[in-house]
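Novice: One rule links them: number in my numbering = place in the sequence shown (from 1) + 16. We put the beta carbon where it would ideally sit given N, CA and C, even for glycine. Below is a structure I'd like to ask you about.
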Amino acid sequence: MLATLSTRKAIAADIPFLVQIEYEASLPPSNHCFWEDLLEGTGTTALQFIEAELKSDASNWGGVGDFLILEAEGKPVAAAAGYVPDPENYCPLRLSHLGAIAQELGWSAETVGVFRDRYMTLWGGDLQPFFLTPQATWIIENVAVLPGARGRGFGKVLLRALLEEGRSRRHEFAGITVINGNDVARHAYESVGFKPYQTFYADYFLEQFNIDFPGVTKLGLRLN
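The following block contains the structure:
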């Protein structure tokens with residue numbers, strides 16, 4: 017029997033579910049969340065940090081109201097954010113909201129300083145790393161399906177719904193990024209029409225940021 021599917025916009029009460037979604041979206045292909053490295057020694061888990069980030073409206077990659085939730089038989093099973101990128105800052109975090117995050121987490125000034133320094137080293141603060149430059153006015157980010165609901169096509173249903181939202185807002189192009197090696201996600205993106213147009217390989221990240229990272233591929237799709 018096919019599940020009855022529906023979509024709805026997320027609200028503040030959905031934050032616990034969105035925390036899980038954002039965390040799951042960060043794991044592939046290395047099964048590691050990048051926030052964990054920045055939080056080492058702070059006494060804060062990635063899940064706790066993501067919750068504080070969402071409560072503080074501190075994400076540049078989709079706030080609570082940007083998420084679309086897919087429900088099967090009335091239960092949330094997947095979500096992703098569709099949003100218009102900030103032309104001034106497209107790194108993951110709004111540093112101007114770091115104080116609010118710290119208040120949510122009960123961080124000391126010392127812990128805030130440690131985290132800020134690590135974040136600045138990795139992301140360059142409010143600078144604009146070239147590989148993150150958005151090439152579309154409608155960006156899809158933080159796409160994830162709960163582990164127990166995978167393999168049923170829910171991700172594709174969610175992506176199509178977000179593309180339709182982009183069309184309804186009269187955007188010409190949609191953009192999405194995948195970490196190299198995350199073949200499951202890339203296949204899902206390409207199956208709904210996204211096409212790759214730019215790849216940044218591991219050598220780029222080693223030379224530019226001195227980090228061991230598989231790189232990313234940017235994909236685009238014409239909406240209207």
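Going by beta-carbon coordinates alone, are residue 110 and residue 76 separated by less than 7 Å?
Specialist: Yes, they are a contact pair.
Novice: Can you list the beta strand (DSSP E) stretches of 3 or more residues lying completely in the segment 158–198, in chain order?
Specialist: The qualifying runs are 189–195.
Novice: Under 8 Å, with one C-beta from each stretch per pair, do the segment 116–133 and the segment 176–189 reach the 3-pair mark?
Specialist: The answer is no - the segment 176–189 does not touch the segment 116–133, with fewer than three Cβ pairs under 8 Å.
Novice: Which residue wins for smallest C-alpha separation from residue 22, given the options 88, 70 and 43?
Specialist: Among 88, 70 and 43, the Cα nearest to that of residue 22 belongs to 88.
Novice: Under DSSP, the beta strand (DSSP E) around residue 24 begins and ends at which residues?
Specialist: From DSSP, the beta strand (DSSP E) with residue 24 extends over 21–25.
Novice: Going straight from the alpha carbon of residue 106 to that of residue 138, what length do you get?
Specialist: Distance between the alpha carbons of residue 106 and residue 138: 14 Å.
Novice: What span of residues does the beta strand (DSSP E) with residue 97 cover, start to end?
Specialist: 91–99 is the span of the beta strand (DSSP E), which, as asked, contains residue 97.
Novice: Cutting at 7 Å between CB atoms, please list the residues of its own chain near residue 182, excluding the five before and the five after it.
Specialist: Contacts found: 98, 154, 190 and 239.
Novice: If we ignore side chains and look at the alpha-carbon of each, how far apart do residue 36 and residue 207 end up?
Specialist: Straight-line Cα distance between these residues: approximately 25 Å.
Novice: Tell me whether the beta-carbon of residue 218 lies closer than 7 Å to the beta-carbon of residue 197.
Specialist: It is not a contact, given that the beta carbons lie outside the stated cut-off.
Novice: So, is residue 213 buried or exposed, given that buried needs 16 or more other C-beta atoms within 10 angstroms?
Specialist: So residue 213 counts as exposed.
Novice: For a quick check, are the C-beta atoms of residue 51 and residue 41 less than 7 Å apart?
Specialist: Cβ atoms of residue 51 and residue 41: not closer than 7 Å.
Novice: Out of curiosity, what's the CA-to-CA distance linking residue 102 and residue 150?
Specialist: The alpha-carbon atoms of residue 102 and residue 150 are separated by roughly 9 Å.
Novice: Please decide whether residue 195 counts as near chain D, where near means a Cβ-Cβ distance under 7 Å.
Specialist: In the displayed structure, chain D is absent; only one protein chain is listed.
Novice: Is the Cβ-Cβ distance between residue 33 and residue 108 less than 7 Å?
Specialist: Cβ atoms of residue 33 and residue 108: not closer than 7 Å.
Novice: When the Cα of residue 156 is compared with those of 84, 169, 168 and 129, which residue comes out closest?
Specialist: Cα-wise, what sits closest to residue 156 is 84.
Novice: Could you please give the first and the last residue of the uninterrupted alpha helix (DSSP H) stretch that includes residue 117?
Specialist: Its alpha helix (DSSP H) spans residues 114–121.
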